[in-house]
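Student:
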Amino acid sequence: MLQRRRYIRIFILVVLMAAVLGGSAIPAGGLTFLVRTFTRPIEFDFSTWTLDAIGAKLTSWGLCLERFLTPQAQSALVLDHLARVQRVNRLNAEMDAIYTNPNITNPDQVSQSVHEEFNTELERLNSTASLAEAVLQTQLMTVIQESGLQFLGQVSPPSLYRVSDVPQSLVISPRTEIRQILDVSLTPSISVDQKEHLESIIFKKLDHSALVVPVGGIGSYPTMVMQSSDLVWLTEVIAHEWVHNFLTLRPLGINYFTSDVLRTINETTATLAGQELGRMILEKYYPDHLPPPPVQTQVQPGPPETVSQPDEFNFQTEMRLTRVETDRLLAEGDVEGAEAYMEARRQVFWENGYPIRKLNQAYFAFYGAYSADPEGGAAGEDPVGPAVQALRAQYDQLADFLNAISWVTSFNDLLKLLER
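Just add 13 to wherever you are in the sequence shown, counting from 1, and you've got this note's numbering.
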């Protein structure tokens, strides 16, 4: 009971700090005002979502049902819940297929049995959602403690996440360079034609590159995570978002929006640590679902032209080449040439099985910050991500790495840590 009171105090502290420090990814300025004249009606309401999530978590804490289950029963409950997520998704897809089939004249009648089964499964899914979340939160906090990431014997902040329809992000970059200058959270239900219309307006009227991108999670508090039946993905994402909460209480996270460099350090750190913590959860509680360890590869030396293998299309390698060439064209002032090149490359990706809807400066501004892949990917030749990867390699323990990098407030700070 005493430990639970401590967690509640920490929970309230982090919620208050999230409100003070988290703020918005939208800095003040004329461009912001102009963009929001188009986005205001479709912006995501974080205040309402956060209040609802806090209420749900406090209720779950009050019941604390997971403590009455053995560790084995807790893991079985999570697996059953994820299997039900998969069934609900399958039934929903079946109903969509019925209503889009032109040969079915009475879809209401044909889909009746599927609809009834869907409602039954959805009700069961909703009844176990909070408990499954509580179990995964507890499992994550256990491996965090075992990895040495604790303060006075407690995980701070406690892991709290809520499955939700996650908002989509409108990312805006100048056309003349790749740099994220705005990030506006939009309602999850925005349609493809609405995305295209919004991006087109910003391009034509404001002369900026824009892209609406999906996200799997958001580091609010509680964190927001997209529903998925993939246990490997889910454990990694809830750990990734917890790392953001951890960093929010430290200089690196506080300065997340200060510059693109610090955003890249934050996201790359959270990605690397999230992958490790997610794997620890699987090793301890779900060993039968543990994937093979990732293959460690390095970018081949030499100019970018020599990296790609002619007989094999590697997404990360090809995306790195695309980013490098785009940066070169933009540095020469050939904005239209860079945009034509990116569109031609988008078609190459499409032909090789990667359906990218739009490849532009905003695409690279967003995805380039997630620079945990040794091959670079959308980050191109940006040295920030590789520096974070190199720093992680210098520490035997994840806790030591996170405690060190959490005090970084510039790229020079990161380089100084590497020199040590």
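For each residue, glycine too, the CB sits at the ideal point set by N, CA and C.
1. Once the 5 residues before and after GLY230 are set aside, which same chain residues still bring their CB inside 7 angstroms of it?
2. Rounded to the nearest angstrom, how far is the Cβ of LEU404 from that of LEU431, given a contact under 8 angstroms?
3. So, does the segment 137–147 touch the segment 215–233, judging by three or more C-beta pairs under 8 angstroms?
4. What does DSSP give as the partner residues of TYR174 in its beta bridges?
5. Residues in the same chain with beta-carbon distance under 8 angstroms from HIS276, minus the five sequence neighbours each way, listed in chain order, please.
6. Could you work out which residue in ASN279, PHE377 and TYR354 is closest to VAL401 when comparing CA atoms only?
7. Give the DSSP-derived three-state secondary structure of PRO368 in the structure shown.
8. May I ask you to report which of helix, strand or coil DSSP gives LEU82?
9. What's the C-alpha gap between GLU117 and VAL127?
10. Hey, would you say VAL256 sits closer than 8 angstroms to THR282, going by beta carbons?
11. To the nearest angstrom, how far is the alpha carbon of ALA175 from that of ALA66?
12. On the DSSP bridge assignment, give the partners of ALA223 in chain order.
13. Is it true that the segment 326–343 meets the segment 355–364, where meeting means three or more beta-carbon pairs spaced less than 8 angstroms apart?
14. What does the Cβ neighbour count give for HIS210, buried or exposed, with the cut at 16 atoms within 10 Å?
15. Pull up the CB-CB distance for ILE418 and LEU265, whole angstroms please, since I reckon it's below 8 angstroms.
16. Compare the C-alpha of LEU173 against each of ARG49, ASN119, SER233 and PHE424 and name the closest.
17. Counting C-beta neighbours from all protein chains within 10 Å, is the total for ARG97 16 or more, i.e. buried, or is it exposed?
18. Measure the C-alpha to C-alpha separation of THR151 and PHE131 and round it to an integer number of angstroms.
19. How would you write the range of the beta strand (DSSP E) that LEU199 sits in, first residue to last?
20. Could you check the C-alpha separation between SER272 and TRP420 for me, to the nearest Å?
21. Between the C-alpha atoms of LEU354 and ILE369, what's the straight-line distance to the nearest angstrom?
22. Between GLU289, LEU90, VAL205 and VAL397, which has its C-alpha nearest ASP409's C-alpha?
23. Could you give the uninterrupted runs of the alpha helix (DSSP H) lying entirely in the segment 329–364, keeping only those of 4 residues or more?
24. Does the segment 159–168 come within contact of the segment 102–117, defined as at least 3 CB pairs closer than 8 angstroms?
25. Scan the segment 279–311 and note each continuous alpha helix (DSSP H) run of 4 residues or more that stays entirely inside, going in chain order.
26. Whole-angstrom Cβ separation of VAL48 and LEU199, contact assumed at under 8 angstroms?
27. With which residues is PHE259 paired in a DSSP beta bridge?
28. Expressed to the nearest angstrom, what Euclidean distance is found between the alpha-carbon atoms of GLN407 and PRO387?
29. According to DSSP, simplified to helix, strand and coil, what is LYS429?
30. Just curious, the alpha helix (DSSP H) that PHE270 is in, first and last residue?
31. Nearest by alpha-carbon distance to ASP340: which of ALA357, PHE377 and PRO306 is it?
32. Going by the CB atoms, is the gap between VAL228 and SER182 shorter than 8 angstroms?
33. Roughly how many whole angstroms lie between the Cα atoms of ILE203 and ILE55?
34. Measure the alpha-carbon distance for GLY390 versus LYS429 and round it to whole angstroms.
35. With a threshold of 7 angstroms on Cβ separation, who are the neighbours of ASN258 within its own chain once the five nearest residues in sequence on each side are excluded?
36. Would you please state the rounded distance, in angstroms, between the beta carbons of VAL197 and PHE379? I believe it to be under 8 angstroms.
Tutor: Reading off the structure:
1. For the purposes of this step, residue 230 is taken as the residue at position 217 of the sequence shown. Excluding positions up to five away in sequence, the list reads VAL179, THR236, MET237, VAL238, MET239, VAL250, HIS253 and GLU254.
2. As a working mapping, residue 404 is identified with position 391 in the sequence shown. As a working mapping, residue 431 is identified with position 418 in the sequence shown. Sure, about 6 angstroms apart at Cβ, within 8 angstroms.
3. no
4. Looking up residue 174 in the sequence shown gives position 161. The partner list for TYR174 (beta bridge, DSSP) reads THR236.
5. Residue 276 sits at position 263 when you count from the first residue of the sequence shown. For the sequence presented, residue 276 should be read as Arg rather than His. If we look at ARG276 and ignore the five residues flanking it on each side, its Cβ neighbours are GLN193, TYR269, PHE270 and ALA382.
6. Position 388 of the sequence shown, counting from 1, holds the residue named residue 401. With distances taken between Cα atoms, VAL401 lies closest to ASN279.
7. Position 355 of the sequence shown, counted from the start, is the residue given in the question as residue 368. PRO368 falls in the coil class under three-state DSSP.
8. Start at 1 with the first residue of the sequence shown, and residue 82 comes out as number 69. The three-state secondary structure of LEU82, taken from DSSP, is coil.
9. For this step, residue 117 is matched to residue 104 along the sequence shown. For this step, residue 127 is matched to residue 114 along the sequence shown. Checking the displayed sequence, the identity of residue 117 turns out to be Ile instead of Glu. The alpha-carbon atoms of ILE117 and VAL127 are separated by roughly 15 angstroms.
10. Position 243 of the sequence shown, counted from the start, is the residue given in the question as residue 256. Position 269 of the sequence shown, counted from the start, is the residue given in the question as residue 282. Taking 8 angstroms as the Cβ cut-off, VAL256 and THR282 qualify as a contacting pair.
11. Within the sequence shown, the letter at position 162 stands for residue 175. Within the sequence shown, the letter at position 53 stands for residue 66. A small fix is needed here, since residue 175 is Arg in this sequence, not Ala. Distance between the alpha carbons of ARG175 and ALA66: 7 angstroms.
12. Here residue 223 refers to the residue found at position 210 when the sequence shown is read from its first residue. The partner list for ALA223 (beta bridge, DSSP) reads ILE185.
13. yes
14. By 1-based counting over the sequence shown, the position of residue 210 is 197. HIS210 is exposed by the Cβ-count criterion.
15. Looking up residue 418 in the sequence shown gives position 405. Looking up residue 265 in the sequence shown gives position 252. That belief holds up - the Cβ atoms of ILE418 and LEU265 are roughly 6 angstroms apart, short of 8 angstroms.
16. In the sequence shown, residue 173 corresponds to position 160, counting from 1. Nearest option by C-alpha distance: SER233.
17. As a position in the sequence shown, residue 97 is number 84, starting the count at 1. ARG97 should be labelled buried.
18. In the sequence shown, the residue the question calls residue 151 occupies position 138. In the sequence shown, the residue the question calls residue 131 occupies position 118. Whole-angstrom Cα-Cα distance: 30 angstroms.
19. For this step, residue 199 is matched to residue 186 along the sequence shown. Here the beta strand (DSSP E) through LEU199 covers 195–199.
20. Walking along the sequence shown from the start, residue 272 turns up at place 259. Walking along the sequence shown from the start, residue 420 turns up at place 407. Straight-line Cα distance between these residues: approximately 15 angstroms.
21. Taking the sequence shown and counting its residues from 1, the one referred to as residue 354 is at position 341. Taking the sequence shown and counting its residues from 1, the one referred to as residue 369 is at position 356. Just to set this straight, residue 354 is Tyr in the shown sequence, not Leu. For TYR354 and ILE369, the distance between alpha carbons rounds to 14 angstroms.
22. Counted from its first residue, the sequence shown places residue 409 at position 396. When each option's Cα is compared against that of ASP409, the closest is GLU289.
23. 348–364
24. no
25. Complete alpha helix (DSSP H) runs here, min 4: none at all.
26. Counting from 1 along the sequence shown, the entry for residue 48 is found at position 35. Counting from 1 along the sequence shown, the entry for residue 199 is found at position 186. Actually they do not touch by this definition, with Cβ atoms about 11 angstroms apart.
27. Your numbering for residue 259 matches position 246 in the sequence shown. Bridge partners of PHE259: none, in fact.
28. Along the sequence shown, read from residue 1 onward, the residue named residue 407 stands at position 394. Along the sequence shown, read from residue 1 onward, the residue named residue 387 stands at position 374. The alpha-carbon of GLN407 is positioned some 16 angstroms away from that of PRO387.
29. For this step, residue 429 is matched to residue 416 along the sequence shown. Helix at LYS429.
30. The residue labelled residue 270 in the question sits at position 257 within the sequence shown. It is not in any alpha helix (DSSP H) - PHE270 carries neither H nor E in the DSSP assignment.
31. Numbered from its first residue, the sequence shown carries residue 340 at position 327. Taking only the C-alpha atoms, the option nearest ASP340 is PHE377.
32. In the sequence shown, the residue the question calls residue 182 occupies position 169. In the sequence shown, the residue the question calls residue 228 occupies position 215. For the 8 angstroms CB-CB criterion, SER182 and VAL228 form a contact.
33. Numbered from its first residue, the sequence shown carries residue 203 at position 190. Numbered from its first residue, the sequence shown carries residue 55 at position 42. So the alpha carbons of these two residues sit roughly 8 angstroms apart.
34. In the sequence shown, counting from the first residue as 1, residue 390 sits at position 377. In the sequence shown, counting from the first residue as 1, residue 429 sits at position 416. When rounded, the distance between both Cα atoms is 25 angstroms.
35. Taking the sequence shown and counting its residues from 1, the one referred to as residue 258 is at position 245. Contacts found: VAL27, PRO170, GLY232, TYR234 and THR236.
36. Counting from 1 along the sequence shown, the entry for residue 197 is found at position 184. Counting from 1 along the sequence shown, the entry for residue 379 is found at position 366. Not really, about 12 angstroms apart at Cβ, beyond 8 angstroms.
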